[in-house]
Amino acid sequence: MPQLDLYCFSTQFFWFSFFFSVIYLTIVKHIIPNINRVYKLREQSIDFAIETKSSQNQNLFYKAFSNLKKSILVEKQLLNIEKRFVNSLASLYLLHIKSYAKFNLKNNIKDHTYSFPLFIQNSRSSSLQTIMSI
Numbered sequence: 001m002p003q004l005d006l007y008c009f010s011t012q013f014f015w016f017s018f019f020f021s022v023i024y025l026t027i028v029k030h031i032i033p034n035i036n037r038v039y040k041l042r043e044q045s046i047d048f049a050i051e052t053k054s055s056q057n058q059n060l061f062y063k064a065f066s067n068l069k070k071s072i073l074v075e076k077q078l079l080n081i082e083k084r085f086v087n088s089l090a091s092l093y094l095l096h097i098k099s100y101a102k103f104n105l106k107n108n109i110k111d112h113t114y115s116f117p118l119f120i121q122n123s124r125s126s127s128l129q130t131i132m133s134i
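Residues 1 to 134, numbered by full-length UniProt numbering, are exactly what the sequence shown covers, in order.
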């Protein structure tokens, strides 16, 4: 077996140690730091993405909440405007009814005052006619 030969053992050990050291130093000095750097960059980018998403979610929540408050205020204002409009329409309608009632009352009173004496005269004449016919 050539591995156990004392003549070749020293050279084999030397070359094994040399290549092992070169490969080890290459891995330790270049490959592992690059892997570590990529890992840290990915971790930072993920952390940044998480922070931005959480801040965006918070901003979105605050915007939605403020929009909700604004829409509630607008709805309250519209409801108040509608109430005032309905109240004004109701008051206008009541004023119209009141003026119409006053107008009709005045006309009815005038009609009855003119027709009342005629009615009395007609009733007197009819009563006189009945009395005379007896």
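Glycine included, each C-beta is placed from N, C-alpha and C at the ideal position.
Query raised in the report: If you drop the 5 nearest sequence neighbours on each side, which residues of the same chain put their C-beta closer than 6 Å to that of Lys53?
Result: Within the same chain, no Cβ atom closer than 6 Å to the Cβ of Lys53 is found once the five residues on either side in sequence are excluded.
Requested in this report: Rounded to whole angstroms, what's the CA-CA distance from Val22 to Ser45? Just pull it up for me.
Outcome: Going from the Cα of Val22 to the Cα of Ser45 covers about 33 Å.
Query raised in the report: What span of residues does the alpha helix (DSSP H) with Val22 cover, start to end?
Result: Segment 6-26, the alpha helix (DSSP H) holding Val22.
Query raised in the report: Do you know offhand how far Phe82's Cα is from Asp47's?
Result: Looking at the sequence itself, residue 82 is Glu, so the reference to Phe does not match. Straight-line Cα distance between these residues: approximately 51 Å.
Report task. State the Cα-Cα distance for the pair Phe9 and Tyr24, rounded to the nearest angstrom. Result -> Each residue's Cα considered, the two are about 22 Å apart.
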